[in-house]
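Engineer: So for the sequence shown, the numbering used here puts the first residue at 648; every next one is plus one.
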Amino acid sequence: MLTIASDIEVLARFGRALAAPIRCRILLALCQAPAHPAERADALGISRTRLSNHLACLRDSGLVVTVPVGRRTRYELADERLGHALDERTAVVAVEADRA
648 MLTIASDIEV LARFGRALAA PIRCRILLAL CQAPAHPAER ADALGISRTR
698 LSNHLACLRD SGLVVTVPVG RRTRYELADE RLGHALDERT AVVAVEADRA
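(1) Does the segment 697-704 come within contact of the segment 726-735, defined as at least 3 CB pairs closer than 8 Å?
(2) Is any beta-carbon of chain C found at less than 8 Å from that of L675?
(3) Quick one: residues in its chain with C-beta nearer than 7 Å to the C-beta of E723, no 5 flanking neighbours on either side, listed in chain order?
(4) Assuming L724 is part of the beta strand (DSSP E), what are its boundary residues?
(5) Ignore the nearest five residues each way along the sequence and tell me which others in G709's own chain have a CB closer than 7 Å to its CB.
(6) Helix, strand or coil, according to DSSP, for P681 in the structure here?
(7) Run through DSSP, which three-state label would L665 get?
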(Lines of atoms letter the chains of each structure in order from A and count residues from 1; the text may use other names and numbers.)
(Lines give C-alpha, C1' and ligand atoms only; values in the text may rest on other atoms or scores of the structure.)
Protein backbone atom coordinates (compact mmCIF):
# COMPACT_ATOMS: atom_id res chain seq x y z
CA MET A 1 0.00 0.00 0.00
CA LEU A 2 1.36 3.44 -0.94
CA THR A 3 1.22 6.21 1.61
CA ILE A 4 1.98 9.91 1.49
CA ALA A 5 5.24 10.62 3.30
CA SER A 6 5.74 13.78 5.31
CA ASP A 7 8.06 16.47 3.95
CA ILE A 8 10.65 15.57 6.58
CA GLU A 9 10.54 11.87 5.68
CA VAL A 10 10.94 12.72 2.01
CA LEU A 11 13.97 14.93 2.64
CA ALA A 12 15.54 12.30 4.91
CA ARG A 13 15.09 9.60 2.26
CA PHE A 14 16.49 11.88 -0.41
CA GLY A 15 19.50 12.65 1.78
CA ARG A 16 20.22 8.98 2.47
CA ALA A 17 19.95 8.16 -1.21
CA LEU A 18 22.41 10.91 -2.17
CA ALA A 19 24.85 10.03 0.62
CA ALA A 20 26.84 7.68 -1.63
CA PRO A 21 28.61 9.14 -4.68
CA ILE A 22 27.86 6.03 -6.74
CA ARG A 23 24.12 6.52 -6.17
CA CYS A 24 24.51 10.11 -7.34
CA ARG A 25 26.23 8.83 -10.49
CA ILE A 26 23.41 6.33 -11.04
CA LEU A 27 20.74 9.02 -10.66
CA LEU A 28 22.54 11.36 -13.05
CA ALA A 29 22.84 8.53 -15.58
CA LEU A 30 19.13 7.73 -15.23
CA CYS A 31 18.38 11.39 -15.94
CA GLN A 32 19.74 10.77 -19.41
CA ALA A 33 17.74 7.61 -20.07
CA PRO A 34 16.18 4.60 -18.36
CA ALA A 35 18.38 1.50 -18.48
CA HIS A 36 18.70 -2.15 -17.64
CA PRO A 37 21.09 -2.87 -14.75
CA ALA A 38 23.58 -4.85 -16.83
CA GLU A 39 23.97 -1.98 -19.29
CA ARG A 40 24.26 0.60 -16.52
CA ALA A 41 26.85 -1.45 -14.59
CA ASP A 42 29.06 -1.66 -17.66
CA ALA A 43 28.69 2.04 -18.40
CA LEU A 44 29.52 3.01 -14.80
CA GLY A 45 32.37 0.50 -14.53
CA ILE A 46 31.03 -1.27 -11.43
CA SER A 47 29.94 -4.83 -10.74
CA ARG A 48 26.33 -5.81 -11.29
CA THR A 49 26.06 -6.87 -7.65
CA ARG A 50 27.22 -3.48 -6.40
CA LEU A 51 24.90 -1.69 -8.80
CA SER A 52 21.99 -3.89 -7.73
CA ASN A 53 22.55 -2.97 -4.07
CA HIS A 54 22.60 0.75 -4.87
CA LEU A 55 19.54 0.49 -7.11
CA ALA A 56 17.70 -1.25 -4.27
CA CYS A 57 18.51 1.70 -1.99
CA LEU A 58 17.30 4.18 -4.61
CA ARG A 59 14.14 2.12 -5.16
CA ASP A 60 13.50 1.89 -1.41
CA SER A 61 13.96 5.67 -1.19
CA GLY A 62 11.27 6.12 -3.84
CA LEU A 63 13.60 7.82 -6.31
CA VAL A 64 13.63 5.11 -8.97
CA VAL A 65 11.09 2.56 -10.12
CA THR A 66 11.31 -0.71 -11.99
CA VAL A 67 9.53 -1.35 -15.25
CA PRO A 68 9.23 -4.93 -16.50
CA VAL A 69 10.28 -5.28 -20.13
CA GLY A 70 9.78 -8.86 -21.20
CA ARG A 71 11.95 -10.98 -18.92
CA ARG A 72 14.17 -8.04 -17.98
CA THR A 73 13.72 -5.13 -15.61
CA ARG A 74 14.44 -1.55 -16.55
CA TYR A 75 15.11 1.20 -14.01
CA GLU A 76 14.00 4.78 -14.43
CA LEU A 77 13.44 7.87 -12.31
CA ALA A 78 10.23 7.66 -10.32
CA ASP A 79 9.26 11.18 -11.32
CA GLU A 80 10.52 13.26 -14.23
CA ARG A 81 10.65 16.30 -11.93
CA LEU A 82 13.53 14.61 -10.11
CA GLY A 83 15.49 14.76 -13.35
CA HIS A 84 14.82 18.48 -13.63
CA ALA A 85 15.95 19.03 -10.03
CA LEU A 86 19.15 17.07 -10.63
CA ASP A 87 19.82 18.99 -13.83
CA GLU A 88 19.51 22.22 -11.87
CA ARG A 89 21.64 21.00 -8.96
CA THR A 90 24.05 23.92 -9.23
CA ALA A 91 21.18 26.31 -8.59
CA VAL A 92 19.88 24.32 -5.63
CA VAL A 93 22.97 23.99 -3.44
CA ALA A 94 25.30 26.79 -2.35
CA VAL A 95 28.78 25.59 -1.42
CA GLU A 96 31.12 27.92 0.42
CA ALA A 97 34.64 28.01 -1.00
CA ASP A 98 37.45 26.69 1.20
CA ARG A 99 38.92 29.57 3.19
CA ALA A 100 42.32 27.95 3.75
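Backbone N, C-alpha and C fix where the C-beta goes; we use that ideal spot for every residue, glycine too. Being a predicted model, the structure only gives us computed values, none of them experimental.
Structural biologist: Let me lay it out:
(1) No, the segment 697-704 does not touch the segment 726-735.
(2) Any reference to chain C falls outside this structure, which holds one protein chain only.
(3) Closer than 7 Å at Cβ, skipping near neighbours: L677, P681, V711, V712 and V714.
(4) R719 to L724 is the span of the beta strand (DSSP E), which, as asked, contains L724.
(5) Only R660 and A725 meet the Cβ criterion.
(6) Residue state, collapsed to three classes: coil.
(7) Three-state DSSP puts L665 in a helix.
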